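Student:
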Amino acid sequence: MNFVTEQSAGYLANHMARLFARGLQARIRPLGLTTGTFPALLELWERDGLTQKELVDRLDIEQATMANTLARMERDGLVVRRKDPGDGRVQRVWLTEKARDLRAPALAAAMAENEAALALLSQAEREQFLTLMRKVIAAKRSAA
301 MNFVTEQSAG YLANHMARLF ARGLQARIRP LGLTTGTFPA LLELWERDGL TQKELVDRLD
361 IEQATMANTL ARMERDGLVV RRKDPGDGRV QRVWLTEKAR DLRAPALAAA MAENEAALAL
421 LSQAEREQFL TLMRKVIAAK RSAA
């Protein structure tokens, strides 16, 4: 049995993700952002005040990775962590004004990268591509 990278969904998805990350990094670096913090920002821009556990669950990453990411984000002035008033054991993550101000230019950068990456696909192909990716993600999440 031969392993052919061009016929491996995992290999191709990983390769594509690296290329997307490289392109996005070039676009958000001038904003002072990194691809490591960007997913957490996306979630917090949608719903500010999530817990670290909620971020871990939404992003499918390890607790330790999220803790390190939040520490960097705190250091960079993007988030603050505060105890939940209803449950002192829980800390909620809140965006700073700096992070809120970066939302529009960061989302524009991500949309530009998506547009550039998918430029060779028709609208129908784009929709099918995204649908198929969502199906694979759902399948992998349910198998975990």
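The letter at position 57 of the sequence shown is residue 357 when you use my numbering, and the numbering goes up by one with no holes.
From the three backbone atoms N, C-alpha and C, an ideal C-beta is built for every residue, glycine too.
Model, not experiment: these values are computed from the prediction.
Does Leu350 come out as helix, strand or coil in the three-state DSSP assignment?
Tutor: The residue labelled residue 350 in the question sits at position 50 within the sequence shown. Residue state, collapsed to three classes: strand.
Student: Give the secondary structure of Leu395 by DSSP, where H, G and I count as helix, E and B as strand, and everything else as coil.
Tutor: The residue labelled residue 395 in the question sits at position 95 within the sequence shown. The answer is strand: DSSP assigns Leu395 an E or B state.
Student: Check whether the stretch 319–331 touches the stretch 354–365, taking contact to mean three or more Cβ pairs, one atom from each stretch, closer than 8 Å.
Tutor: The stretch 319–331 vs the stretch 354–365: no contact.
Student: Please identify the residue among Leu319, Arg372, Arg329 and Leu378 whose C-alpha is closest to the C-alpha of Asp348.
Tutor: On the sequence shown, residue 348 is found 48 positions in, with the first residue counted as 1. Checked all of Leu319, Arg372, Arg329 and Leu378; the closest Cα to Asp348 is Leu378.
Student: Hey, Pro385 and Leu359: beta-carbon distance below 8 Å or not?
Tutor: Against the sequence shown, residue 385 aligns to sequence position 85. Against the sequence shown, residue 359 aligns to sequence position 59. For Pro385 and Leu359, no; Cβs fall outside 8 Å.
Student: Could you name the residues of the same chain whose beta carbon sits closer than 6 Å to that of Arg381, not counting the 5 residues immediately before and after it, in chain order?
Tutor: Walking along the sequence shown from the start, residue 381 turns up at place 81. Excluding residues within five positions, the ones whose Cβ falls inside 6 Å are Gln391 and Val393.
Student: Look at the alpha carbon of Arg400 and the alpha carbon of Leu341, and state the distance between them as a whole number of angstroms.
Tutor: The residue given as residue 400 occupies position 100 in the sequence shown. The residue given as residue 341 occupies position 41 in the sequence shown. Approximately 9 Å between the Cα atoms of the pair.
Student: Could you check if Ile437 belongs to the surroundings of the ligand ATP, using beta carbon to heavy atom distance under 7 Å?
Tutor: Of the ligands one can find in the structure shown there are none, so the ligand ATP has no counterpart to examine.
Student: Does DSSP put Ile390 in a helix, in a strand, or in coil?
Tutor: Indexing the sequence shown from 1 puts residue 390 at position 90. Per the sequence shown, residue 390 should be read as Val rather than Ile. If DSSP states are grouped into helix, strand and coil, Val390 belongs with the strands.
Student: Just to confirm the assignment, what range does the beta strand (DSSP E) spanning Val379 have?
Tutor: The residue given as residue 379 occupies position 79 in the sequence shown. Note, Val379: beta strand (DSSP E), Val379 to Asp384.
Student: To the nearest angstrom, report how far apart Arg403 and Val356 are at their CA atoms.
Tutor: Sequence index remark: in the sequence shown, residue 403 carries index 103 (1-based). Sequence index remark: in the sequence shown, residue 356 carries index 56 (1-based). Near 21 Å, if we compare the C-alpha coordinates of Val356 and Arg403.
Student: Tell me the rounded alpha-carbon separation between Ala416 and Leu407.
Tutor: Position 116 of the sequence shown, counted from the start, is the residue given in the question as residue 416. Position 107 of the sequence shown, counted from the start, is the residue given in the question as residue 407. If you take the alpha carbons of Ala416 and Leu407, they lie about 14 Å apart.
Student: Measuring straight from C-alpha to C-alpha, what distance separates Ser422 and Gly336?
Tutor: Counted from its first residue, the sequence shown places residue 422 at position 122. Counted from its first residue, the sequence shown places residue 336 at position 36. Spanning the two alpha carbons is a distance of roughly 30 Å.
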